[in-house]
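Chains as they are written, first to last, in the numbering used here: chain A, 1 to 637; chain B, 1001 to 1144.
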């Protein structure tokens, strides 16, 4: 098969060509991290949408429908739930970033809350995305390469090759390369998703034949559950327990899964793109028409078609389709899927590398590091992250999967500090920090990673993964919000630092809501809650029978839940438009403002303290390692 | 060093050809493989669509094809044209494949001439090829 290597070579050439252009624009290292805040709004919109869906739509979403049907119906609303946080946060974050000259989420959290814990948490989330979440998708791609080459290229070799390419363009071109290539990769990934769906439909005989096959499945009592939401909630112990969930297709499973998806746009990866954008003018259009409209439509239609085709005929899975179409199409589709995965992986690597070096290593251990050396160390760290990710793909895929599952629910916990920064001014720094701590606990105690750690220490929790069919993202947020509400109530007298006070004053003055938008706020709340209830919440149970006739036949020729999902995708698009433009949450603002100049502060010589911290870090690491080895020997791992 | 407008135009052009161009190429090849002229014609249609999209991007950015793009396009066209003529003369080529090839090359040639005529006018289009002295600015940069 010559086409895959040929297209792969072309893709690699294009990638390195744009990395070179980006490096020239960067002056090698001057604007490596932030593109000098010069990304065009349309480029940012495409990168945000592409990174949000990455390879997930092709590999994860379609596979979920193929395995379990339409029960997890909120998945069809992925475009809308991914756009919602963008509408809420991006414009305000961008204004704060521009005013205070910040270029990453970790910097914003440090500036506003003055908390190193939040900085470390944001960094961990970025590392999880870069190494585990993207690693899982790259692992799936490596498997596809092995299958397509008939075993001539092993998954391990493919993983190393894909990792090297990723490493190459990220370390050469930095954020600019990620942005420039990201726009192309987003379109390629979207085209590939359409292509996959198209080939699946052609193979199965068209949309009518697909739905005839689905109707045949639905008429089988053993399969009928795949076209139904299994009630609002099931009070079971969770997956992996003897009396665990019978089905994970309840309405609250959908709602809490939607929460997990909402995490991505609150992640340090999304913030990195937002803060690298040269203008806030494109956020409304990007979130409304690109994310919710085009990409949301692709999820609701193309991803659903692909998954449904594989549900009817399992041979029409992604791997099966790639093996059955002509080699030139297989190569084109593969490159599209690869582009989607590399978009998210590249962004994750850059964000994680920057966070580890600029926001942790440099301020704590080596503040004398100049800009050039910082970029060099970041390049080395990115190389190490790629090495870890590829190593885990090859050697420990199960651990990779366990870690990857933490990325979205953990990043969703960042909603509370971001809400505090942008809208809810009553959230105090102690509340935000404690909330995140509780949120982390809530997530870890309902995910396999937490079980594995506790089991290692000889503790066995009485519940499994996602008890009561509620995703860990929601368990974490319940704990997070409870802590935030309580602690905010008790710590209202605590003040904010000078920079945070300036950010609060600036937002209040510059982005004051107009009287017209204020008058519409009750309508906005009502519409949003109604949409949430019916599209992703308990109201999903109405979708079971909404488009089913008295004789039990589907009224619109497709599964009722799918039709329900399409209807609410269209209504959700209207909702996003309403919030973005009419409620002015993401609408363009024509205002110029100077960057804030903080009062001059005397910088002390940190070298002694930094050397001491480094010594403590090494000692702590050694002690921790010894304790882990000792515990493993005592309890048997 | 390229300006940000040049870069953004470049991103759009690469995106168009990587998605539409390669899809069109795939459909043309599928038509050849199946001896199906309608399929090849669809592929040609997609390639022409990519070409039109490229011209629209040029129009939005108020520029023409760059020298590199013109060279790559004409070079690829010439090379593939030669391969096709050689196959037609010396190879065993079916009638649908022959028509498919003629459609592809004919449409691209007609499209290119139409582009020149609409952009520079009939007389101006001829002048693009009739270069003399220091008037060697074929396909370069901005509109006058």
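No residue lacks a Cβ here, since even glycine has one placed at the ideal position from N, Cα and C.
Residue 39 (chain A) sits in a strand when the DSSP states are folded into three classes. Within the same chain, and ignoring the five residues on either side of residue 70 (chain A) in sequence, the residues whose Cβ sits closer than 7 Å to its Cβ are 226, 227, 559, 561, 562. DSSP places residue 451 (chain A) in the uninterrupted alpha helix (DSSP H) bounded by 448-456. When only Cα atoms are considered, residue 310 (chain A) and residue 196 (chain A) end up about 11 Å apart. Around the beta carbon of residue 104 (chain A), 16 or more other beta carbons lie within 10 angstroms, which makes this residue buried.
Using a CB distance cut-off of 7 Å, residue 1021 (chain B) does not count as an interface residue toward chain A. Look at residue 1029 (chain B) here: in three-state DSSP terms it is helix. Under a criterion of Cβ atoms nearer than 8 Å, no residue of chain B is adjacent to residue 33 (chain A); the nearest Cβ is some 18 Å distant. The closest CA to that of residue 452 (chain A), considering only A:19, A:78, A:635, is found on A:635. Between residue 362 (chain A) and the set A:377, A:350, A:541, the nearest pair of CA atoms involves A:377. Leaving aside the five residues that flank residue 354 (chain A) on each side, the residues in its chain whose CB is nearer than 7 Å to its CB run, in chain order, 33, 104, 378. For residue 180 (chain A), a Cβ of chain B is located within less than 7 Å of the residue's own Cβ.
Taking C-beta separations shorter than 6 Å and ignoring five residues to either side along the sequence, the partners of residue 435 (chain A) in its chain run 416, 480, 483, 484, following chain order. Contact annotation for residue 577 (chain A) against chain B: no contact, minimum CB-CB distance about 24 Å [criterion: below 8 Å]. Counting the other CB atoms within 10 Å of its CB gives residue 272 (chain A) a total of 16 or more, which places it among the buried residues. Any Cβ of chain A closer than 7 Å to the Cβ of residue 1011 (chain B) would place that residue at the interface, and such an atom is present. One alpha carbon belongs to residue 60 (chain A), the other to residue 1044 (chain B), and they sit about 34 Å apart. Taking 4 residues as the minimum length, the alpha helix (DSSP H) runs contained wholly in the region 385-446 of chain A are 397-412, 415-422, 429-444, in order along the chain. In the DSSP assignment, residue 111 (chain A) falls within the alpha helix (DSSP H) that extends over 105-113. Boundaries of the alpha helix (DSSP H) harbouring residue 272 (chain A): 268-275, taken from the DSSP string. Shown here, residue 554 (chain A) sits in a strand according to DSSP, grouped into three states. Distance from the CA of residue 1124 (chain B) to the CA of residue 167 (chain A), rounded to the nearest whole angstrom, comes to 48 Å. Proximity of chain A to residue 1026 (chain B) at the Cβ level (cut-off 8 Å) is accounted for by 326, 328, 329, 332, in chain order.
For residue 31 (chain A), the secondary structure class from DSSP, reduced to helix, strand or coil, is coil. Under the DSSP assignment, residue 305 (chain A) falls in the alpha helix (DSSP H) whose first and last residues are 304-312. Relative to residue 431 (chain A), the option among A:488, A:74, A:205, A:468 whose CA is nearest is A:488. For residue 1029 (chain B), the CB contacts under 8 Å within the same chain, skipping 5 residues up- and downstream, are 1043 in chain order. DSSP places residue 548 (chain A) in the strand class (E or B) of the three-state scheme.
Membership of residue 580 (chain A) in any alpha helix (DSSP H) is not indicated, and neither H nor E is assigned to it by DSSP. Collapsing the DSSP output to three states places residue 1063 (chain B) in a strand. With a minimum length of 4 residues, the unbroken runs of alpha helix (DSSP H) contained wholly in the region 115-156 of chain A fall at 116-127, 134-148. Within chain B, the C-beta atoms nearer than 8 Å to that of residue 21 (chain A) come from 1002, 1007, 1010, in chain order. Relative to residue 410 (chain A), the option among A:72, A:471, A:95, A:494 whose CA is nearest is A:471.
Not a single CB atom of chain A sits nearer than 7 Å to the CB of residue 1084 (chain B). Sequence-ordered contacts of the region 161-186 of chain A with chain B read 180, 183, 184 [C-beta pairs closer than 7 Å]. Assigned with DSSP and collapsed to three states, residue 507 (chain A) falls in helix.
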